[in-house]
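Worksheet: one structure, shown below.
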Amino acid sequence: MLKSKDLLGLQYLSAEEISEILEGAVAAKERLKDKNKCSYDLKGKTLVTLFYENSTRTRTSFELAGKYSGANEVNISVATSSVQKGETLVDTGRTLDSLKVDFIAIRHPMAGAPKLLAENVKASVINGGDGMHEHPTQALLDMFTLKEHYGKIAGLKVAILGDIKHSRVALSNLFGLKKLGAEVYMYAPGTMIPKEMDKLGAHIAKSREEAIDGADAVMGLRIQLERMNGGLFPSLGEYAKFYGVNDGLLKYAKPGAVVLHPGPVNRGVELTPEVIDGNSSLINEQVTNGLAVRISVLKLLAAYRENNL
Amino acid sequence: MKLLIKNGILVTPEGETKADLLIKDGKISKIAEQIQENCKIIDVSGKHVLPGLIDIHVHLREPGFESKEDIQSGSAAAVKGGVTQVCCMPNTNPVCDNAVVVNYILNRAKEVNLCKVHPIGSITKGEQGETLSDIGKMKAAGAVALSDDGKSVMNSYIMRLAMEYANGFGLKCLCHCEDANLADGGVVNEGFNSTVTGLKGSPRAAEDIMIAREIALSESLDIPVHICHVSTCSGVEIIRSAKARGVKVTAETCPHYFILTDDIITSFDTFTKVNPPLRERRDVEEIIRGLQDGTLDCIVTDHAPHSLKDKQAEYDLAAFGISGLETSLALGYTYLVKTGKLTLSALVEKMSAAPAKILGLEGGELKVGAPADITVADFAKSYVIDGGKFVSKGKNTPFNGFCVNGVVEYTIVDGEIKYCNK
């Protein structure tokens, strides 16, 4: 059983709760392979995706997770520019409550926004990414992908390369992977490593080779172009040369090591096309797994609501 | 008009003495072990009699932001907190960059007639950091200092001109120290907790660089300067070494910087959002050492009241600031005196005589002939802080639920009782 009505981040979940979500995703994925992939588990329930940032894959994934589970589903897009002058987040939340919504999957450019919403609504809030804070369902799908491939997470070495500082994916993965006993190595330009990440149990590597050496999984993170314009690195070419992952570097990893990326990928920047399309890449499988994990989260939150609210 | 304060414990720089204090015509007229006088008497047995507290860094928000605070509510908060004189920052609307606004504030304060209110004019027009405000005219109207509080004058050349020009009028610049480029929109201290929360961090260096710049200007121009709300351990060290070389620098800090660490921001509670941000344990410890060794001359509140609407928002969007006037004495007593870090005399000195001296204000001492600005406090009494009960319009305090010692019983300004705890 989950211990809270909301899923705000992996830093707030216990190892048991994480494992339970991953187990639920196994069954959900089985169902997705079925001819009739839909269940009626969430019949009569309503999911709203409330996105204050552009997103195609996460939003579609939440939307279909709801639909495949039999829930009603509505999308609300709010332009970021209207965040500051339009209706407040709390007021929007109260409106959704009055519309008898059960789940709100929110993406927001500001850290802590899902928590603020969660504290002010009866609906269950699922964090679909908040600023530089967390993106729990992404990390859960990454962990599910690893568990599916290796049969376990404890003892794996995972290398994460890319813009760690601005990545909620990296932070959520660090919390989740550490809780389930994996080792996490990180490598990035100095401008993209947040302060005191090592205190959370991450090994901050001094080179790509050190990060990837003996790794079971190599995860690339998307580089956003605006970071370059903000001066965090000089050019995409230089980034690819010194921080990108190519086939040669993958040789440092364990034989059979897998490659992950939360997408969308900048081909030839954080990963070379050979790596993206190579045999070790699980990038496309991750997308299906995201669906399975989100179905599992919805189902477990529904159970929590049934029992506690 | 006479008023006799009987059986109190007078707190002076020399220590604590049991004595009676007689007020006549707004001045302290006699201090003696026993005074008999046929007049109104307040018996304050067992309670402490302090020179009225002086807070040289508050935001009263009027004119322009009356939904957050106004001169009436802010003055009421001051006297409830034992504060008899406040200096109010110019980031109002319109900005206090001219004599008209200075006059407006002084007139409103006179109408309100609670604590003494001294306006601080802005250094630059509109606090834009570009051209000097009407410094001479503001001084003539009654401004007591200059500040672009809320930000630094980023252009060092303009800052230099401001210090030179203001010095000609005997006005000091009170410097909010923050390199805006380096802070880069950070809302919390950069460190472990900014990483965990994903909230954008502002490094100590953003504050330290500007502290060092103001000191460099002060030193090279030989003009005194005052550093606002020091929050970093490294900033304390920069000021300490400057003082050791004889630079004419003074500095202040606030209760939240000697009590709280940024561990509390992980709740995303926007009442913890303040500029400069709450820092870490080693900063808190160094701020206390700075208070002990005199590197930090005085304690102010940076009273920054906000309406709930300005705080109930995403952390990034919420307003910076803490409503502090009603809790500063109790917090100072509880966290500095009760813990043995400072004597009561030293605390009171940092909250009255020292700030008065920095800005050349009258007051801050209990002696015959001085204005009868007096605070009577009961430090044996404890209570739990509840921002909801503030008389300030700003209920925003991160100290909700803190149990503190020190209840203000009377606040007397120019011999008149302006606040009495019933």
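Those protein sequence lines, which keep their order, are chains A and B. Counting in the working numbering, the first sequence tops out at residue 374, every number present. Counting in the working numbering, the second sequence tops out at residue 579, every number present. Ideal Cβ placement from N, Cα and C applies to all residues, glycine included.
{"query": "Could you check whether the Cβ of Val353(B) sits closer than 8 Å to any Cβ belonging to chain A?", "result": "yes"}
{"query": "Closest to Ile211(B) by CA distance: which of Ser224(B), Val240(B), Ile185(B), Phe222(B) is it?", "result": "Val240(B)"}
{"query": "May I have the straight-line CA-CA distance separating Ala235(A) from Asp167(A), to the nearest angstrom?", "result": "29 Å"}
{"query": "Per DSSP, what kind of secondary structure is Cys385(B) in: helix, strand or coil?", "result": "coil"}
{"query": "Could you list which residues in chain B have their beta carbon closer than 8 Å to that of Met197(A), in chain order?", "result": "Gly355, Leu356, Lys357"}
{"query": "Please list, in chain order, the residues of the segment 469-497 of chain B that have any C-beta partner in chain A closer than 7 Å.", "result": "Gln469, Ala470, Glu471, Tyr472, Asp473, Leu474"}
{"query": "Please go through the segment 209-256 of chain B and give each complete alpha helix (DSSP H) segment of 4 or more residues, from N-terminal end onward.", "result": "228-237"}
{"query": "Counting only Cβ pairs nearer than 8 Å, list the residues of chain A close to Phe425(B).", "result": "Ala176, Gly177, Lys180, Leu181"}
{"query": "Pull out every residue of the segment 329-349 of chain B whose Cβ sits closer than 7 Å to any Cβ of chain A, in chain order.", "result": "Glu347, Gly348, Phe349"}
{"query": "In whole angstroms, what separates the C-alpha of Glu566(B) from that of Ile166(B)?", "result": "13 Å"}
{"query": "Counting only Cβ pairs nearer than 8 Å, list the residues of chain B close to Arg332(A).", "result": "The premise fails here: Arg332(A) is roughly 28 Å from chain B at the closest Cβ pair, so nothing lies under 8 Å."}
{"query": "Flag Pro254(A) as yes if its beta-carbon sits less than 8 Å from any beta-carbon of chain B, otherwise no.", "result": "no"}
{"query": "So for Cys330(B), helix, strand or coil by DSSP?", "result": "strand"}
{"query": "So Glu261(A) contacts chain B; which residues on that side make the cut at Cβ distance below 8 Å?", "result": "Gly348, Phe349, Thr352"}
{"query": "Quick one: what does DSSP say Asp535(B) is sitting in, helix, strand or coil?", "result": "strand"}
{"query": "Below 8 Å between beta carbons: does that hold for Phe415(B) and Thr484(B)?", "result": "no"}
{"query": "So with CB distances below 8 Å, who are the chain B contacts of Arg233(A)?", "result": "Gly355"}
{"query": "When the Cα of Gly216(A) is compared with those of Pro201(A), Gln76(A), Ala276(A), Ser84(A), which residue comes out closest?", "result": "Ser84(A)"}
{"query": "Give me the Cβ distance between Gly59(A) and Glu335(A), rounded to the nearest whole Å; I'm assuming they're in contact under 8 Å.", "result": "Any property of residue 59(A) remains undetermined from this structure, which presents chain A solely from 66 to 374."}
{"query": "Val525(B) by DSSP, collapsed to three states: which one?", "result": "coil"}
{"query": "Rounded to whole angstroms, what's the CA-CA distance from Lys159(B) to Ile180(B)? Just pull it up for me.", "result": "5 Å"}
{"query": "Could you check the C-alpha separation between Thr532(B) and Ile395(B) for me, to the nearest Å?", "result": "34 Å"}
{"query": "Can you list, in chain order, the stretches of the alpha helix (DSSP H) that have 4 or more residues and sit fully within the segment 248-316 of chain B?", "result": "256-269, 292-298"}
{"query": "Would Leu154(A) pass as an interface residue toward chain B - the criterion being a Cβ-Cβ separation below 8 Å?", "result": "yes"}
{"query": "Determine the chain B residues that contact Gln289(A) at a beta-carbon separation under 8 Å, and present them in chain order.", "result": "In chain order: nothing, as chain B lies at least about 15 Å away."}
{"query": "I think Val570(B) touches Cys330(B), with their Cβ atoms under 8 Å apart; what is that distance to the nearest whole Å?", "result": "Not quite, the Cβ-Cβ distance comes to about 28 Å (not below 8 Å), so this is no contact."}
{"query": "Tell me where the alpha helix (DSSP H) around Cys390(B) begins and ends.", "result": "390-401"}
{"query": "Ends of the alpha helix (DSSP H) at Asn119(A)?", "result": "Counting along the chain, Asn119(A) falls outside any alpha helix (DSSP H), and DSSP gives it neither H nor E."}
{"query": "Taking a contact to mean a Cβ-Cβ separation below 8 Å, would you say Arg124(A) touches Thr114(A) in this structure?", "result": "yes"}
{"query": "Rounded to the nearest angstrom, how far is the Cβ of Thr641(B) from that of Asn350(B), given a contact under 8 Å?", "result": "For residue 641(B) there is no data in the structure shown, the boundaries of chain B being 158 and 579."}
{"query": "Does the beta carbon of Leu236(A) sit closer than 8 Å to a beta carbon anywhere in chain D?", "result": "Looking for chain D here will not work: the only protein chains present are A and B."}
{"query": "Gln76(A) touches chain B at which residues, Cβ-Cβ below 8 Å?", "result": "Val353"}
{"query": "For Phe547(B) versus Ser480(B), is the C-beta spacing smaller than 8 Å?", "result": "yes"}
{"query": "With respect to the beta strand (DSSP E) encompassing Gly241(A), which residues constitute its N-terminal and C-terminal limits?", "result": "Looking at the DSSP string, Gly241(A) is not in any beta strand (DSSP E); the run it does join, the alpha helix (DSSP H), is 233-244."}
{"query": "So which residues of chain B does Lys264(A) contact, with C-beta pairs closer than 7 Å?", "result": "Phe349"}
{"query": "Considering only their Cβ atoms, is the gap separating Gln76(A) from Val344(B) smaller than 8 Å?", "result": "no"}
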